[in-house]
Structure formats: C-alpha cells, structure tokens
Amino acid sequence: MADENATYQKTASGQPLALEQRDAEADGRRFSPSIGRNKDIVRDTLLKLLPSKASVLEIASGTGEHGAHMIASTNHVDWTYSDIDPDSMNSQAAWASYADSNQLRGPVLIDTTDPHWGDVERCATFNAVFCANMIHIAPFEAAIGLFKGASRILKSDDQLILYGPFARNGDIAPSNQRFREDLQRRDPNWGVRDLEIDIVPVAQRNGFILDQVIEMPANNLTVRFLNS
Ligand SMILES: C[S@@+](CC[C@H](N)C(=O)[O-])C[C@H]1O[C@@H](n2cnc3c(N)ncnc32)[C@H](O)[C@@H]1O
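See below:
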C-alpha cells in the first residue's frame with residue numbers, strides 16, 4: 016500500500032511532523048504552505064496582543080517562518096525558537112542565520128513533556144510563550160507539558176498564546192471535525208482539542224486564565240491565556 020505521508024517531513028520514528036509538503040531553500044530554510052497563507056494575520060494578531068516590548072519563547076517553531084516574519088516587521092519583539100525535531104531545528108537555525116538579527120535566537124531543544132526545559136528556565140526573561148499548531152498533532156501530554164512549562168517560565172500577567180484549530184464547548188466546524196478524524200486515524204493520541212473542555216481545565220490547573228479568543232481564517236483560533 017502506498018504511504019500516504021511519503022512526502023511529508025517526518026520524525027526519526029517515521030511519524031509525520033506536519034501534514035503538508037514543505038519546500039526548502041538550499042540554505043536549509045523550510046517553507047510551509049499553510050504559514051505562507053497565515054503568517055501575515057498571525058503576526059498582526061500577535062502584535063495586537065503582545066506587550067510593547069515582547070520577549071517570546073516559541074514552542075514547536077516548525078519551519079521557523081513565524082519568528083522570522085515577526086522580527087522583519089518590528090524592533091519591539093525578540094523571538095526564541097524551540098522544537099524537539101532536529102530537521103525543524105535546522106530550518107529554524109537557517110532562518111536565524113538568514114535574518115542575522117539579535118532579535119531572533121535559538122533554536123533550543125524543548126520537549127514540552129520534559130519536567131524541566133533546561134536553560135530557558137534558568138536564565139531567560141520571556142514575557143510570552145507562543146505555540147502554533149502543536150497541541151492537536153502531538154499526544155495530549157504535550158499540551159499539558161506546555162502549560163506546566165509556561166507556568167514555570169512566565170511571571171504574573173505574562174501570556175501564553177496558542178494558534179490553531181479547536182472545538183468550542185462540544186461544537187466543531189465540519190472542516191475541523193474531518194481534520195480531527197484524519198488525525199486520530201493517523202494516531203489515536205492526536206486530535207483537534209476542545210478549548211473549553213480539554214484545554215481550559217489544564218490552563219486553570221497551571222494558573223492560567225483564558226483571556227481572549229480571536230477567530231482566524233480557516234476555522235482557526237488565536238487564544239490568549241494570562242498567567243495569574
Ligand atoms: C504541525 S508542526 C507545527 C509547526 C509550526 N508551529 C507551524 O505552525 O507550522 C508541529 C510541531 O510540533 C513539534 N512538537 C511535537 N511534539 C512536541 C513536543 N512534545 N514538544 C515540543 N514540540 C513538539 C514538532 O516537532 C513540530 O515542529
């Protein structure tokens with residue numbers, strides 16, 4: 016049988032990392048078609064939410080395009096990449112070297128499920144954590160670890176911002192329902208999460224309050240939590 020994920024970037028264990036074909040430049044920068052479509056609106060939305068001087072730790076940076084796009088637009092945001100996947104980290108490093116800016120740092124190796132995130136917990140002064148499109152394409156423990164780690168790093172009133180597809184209180188858009196079924200067929204531990212049912216309780220257990228939900232194109236949301 017043909018491997019339906021044959022052209023997708025994969026982890027060492029053969030799991031697809033992202034359910035799309037990604038092109039790469041000779042210098043190692045990868046390009047995600049979905050980020051090509053959403054990077055402007057994600058950047059503009061983040062700029063409305065972030066503090067005027069923001070230091071962002073991005074979790075699961077993937078190709079690295081969001082950070083590179085952000086720092087090309089403003090001097091007021093510093094951005095640090097992270098991921099668990101070596102190929103993705105290579106792309107992030109290539110974007111950082113292409114940008115050649117002290118606003119763009121990393122990548123650092125962070126697996127959200129680790130009980131300690133290493134140096135970023137010891138010496139960094141982040142006031143925001145941003146994570147796009149990870150919590151549905153990883154076991155739920157990755158989402159739990161994201162909130163736990165963010166609570167160790169952030170101070171009171173700092174923010175954790177998620178971007179991606181969600182269900183809302185049991186309601187789900189048809190396209191997200193199809194996506195949920197597709198994800199669960201690939202791995203039963205994956206799946207589009209319900210913001211109120213799955214995510215808010217985890218956020219609250221870790222001291223985060225749901226602050227803003229912003230509708231984005233293609234049935235995605237940007238969701239801001241504030242650390243209490
Ligand atoms: C679908 S990609 C999203 C990448 C990028 N944020 C975007 O929006 O295109 C999922 C990313 O989650 C990362 N990831 C999966 N499990 C993780 C974990 N436990 N901790 C940190 N990153 C993880 C993968 O390596 C991959 O880069």
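One gets this note's numbering by counting positions in the sequence shown from 1 and adding 15 to each. Every residue, glycine too, gets a C-beta built ideally from N, C-alpha and C.
May I ask whether a heavy atom of ligand 2 can be found less than 8 Å away from the beta carbon of residue i?
i	result
G121	In terms of ligand content, the structure shown lacks ligand 2 and carries ligand 1 instead.
Apart from the five residues on each side of it in sequence, which residues of its chain come closer than 6 Å, Cβ to Cβ, to residue i?
i	result
R45	R37, A39, T78, S106
N184	E211
M104	D98, P122
W132	I125, G164
P232	none
I50	E80
D93	S70, Q118
F145	V71, E73, I176
W110	R44, G79, A83
A188	N234
Quick check on this structure: which residue in the options has the alpha carbon closest to the alpha carbon of residue i?
i	options	result
D173	P180, L65, R220	L65
G72	D59, T127, D186	According to the sequence displayed, residue 72 carries Leu and not Gly. The residue with the shortest Cα to Cα distance from L72 is T127.
V217	C146, G160, A147, K63	G160
E230	T140, I56, I168, R200	I56
P180	C138, F223, A114, R208	R208
F223	R201, S166, D186, E196	S166
D134	I168, W110, P154	I168
A182	K170, F141, E196	E196
N191	P130, L236, K63, D129	L236
S171	D186, A188, P154, N142	N142
P154	G206, K54, V228, D213	G206
Excluding five sequence neighbours on each side, which residues of the same chain lie with their C-beta closer than 7 Å to the C-beta of residue i?
i	result
M149	I74, A75, A157
K68	H91
E136	R167, I168
F240	Q174, L175, A218, F223, I224, L225, D226
F194	P180, V207
How many whole angstroms separate the CB atoms of residue i and residue j, which I take to be in contact at a CB cut-off of 8 Å?
i	j	result
L119	I86	5 Å
N221	F162	4 Å
A114	A83	5 Å
Indicate whether residue i and residue j have their beta-carbon atoms separated by less than 9 Å.
i	j	result
S70	T95	yes
N234	L175	no
S112	D42	yes
H81	R52	no
V238	Y178	yes
I152	L225	no
I'd like the list of long-range same chain contacts for residue i, defined as Cβ closer than 8 Å, with 5 residues on each side in sequence excluded.
i	result
E19	Residue confidence is low: E19 scores 42 on pLDDT, short of 50, so the model does not pin down where it sits. Its coordinate-derived value is still stated next. Nothing listed; no residue qualifies.
K54	E80, H81, H84
Legend entry - Runs of alpha helix (DSSP H) lying entirely within the stretch 74-143, each at least 4 residues, in chain order: 80-86, 101-114, 134-138
Inset, instruction - Scan the stretch 137-203 and note each continuous beta strand (DSSP E) run of 3 residues or more that stays entirely inside, going in chain order. - result: 143-147, 174-180
Legend entry - Inside the stretch 34-73 only - alpha helix (DSSP H) runs reaching at least 4 residues: 48-64
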